[in-house]
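Peer 1: Following this message is one structure expressed as structure tokens.
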Amino acid sequence: MAENDLKIANELKNRLSEVVQLLDFSVFGSRAKGDADEYSDMDVFLKVERIDRDTKKD
């Protein structure tokens, strides 16, 4: 994974962990494999303990 993509993924993980209990977080696809181009998105898998109504509104 490119250094900038790793920074973005870590920032996303950190921000998400402030509002939900992350059980798993992983990046997959072309960005994870390191063969992304400028138009590639970042595919992310999240597994969370629970999201309640208040969390959804934020």
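Quick note on numbering: the sequence shown equals residues 0 to 57 in numbering that gives the first Met the number 0.
We put the CB at the ideal spot given by N, CA and C, even for glycine.
Assign aspartate 42 to one of three DSSP states: helix, strand, or coil.
Peer 2: What you label residue 42 is simply residue 43 of the sequence shown in a count that begins at 1. Three-state DSSP puts aspartate 42 in a strand.
Peer 1: Spell out the partners DSSP gives serine 25 in its beta bridges.
Peer 2: Taking the sequence shown and counting its residues from 1, the one referred to as residue 25 is at position 26. According to DSSP, which records beta bridges pairwise, serine 25 is partnered with Phe44.
Peer 1: Report yes if the C-beta distance between arginine 30 and methionine 41 is below 9 Å; otherwise report no.
Peer 2: Numbered from its first residue, the sequence shown carries residue 30 at position 31. Numbered from its first residue, the sequence shown carries residue 41 at position 42. Against a cut-off of 9 Å, the Cβ pair of methionine 41 and arginine 30 comes out as a contact.
Peer 1: Out of Glu37, Val19 and Lys46, which has the shortest C-alpha to C-alpha gap to asparagine 3?
Peer 2: Your numbering for residue 3 matches position 4 in the sequence shown. Cα-wise, what sits closest to asparagine 3 is Glu37.
Peer 1: With a Cβ-Cβ cutoff of 9 Å, do phenylalanine 24 and lysine 12 count as a contact?
Peer 2: Residue mapping note: residue 24 aligns to position 25 of the sequence shown, counting from 1. Residue mapping note: residue 12 aligns to position 13 of the sequence shown, counting from 1. Taking 9 Å as the Cβ cut-off, phenylalanine 24 and lysine 12 qualify as a contacting pair.
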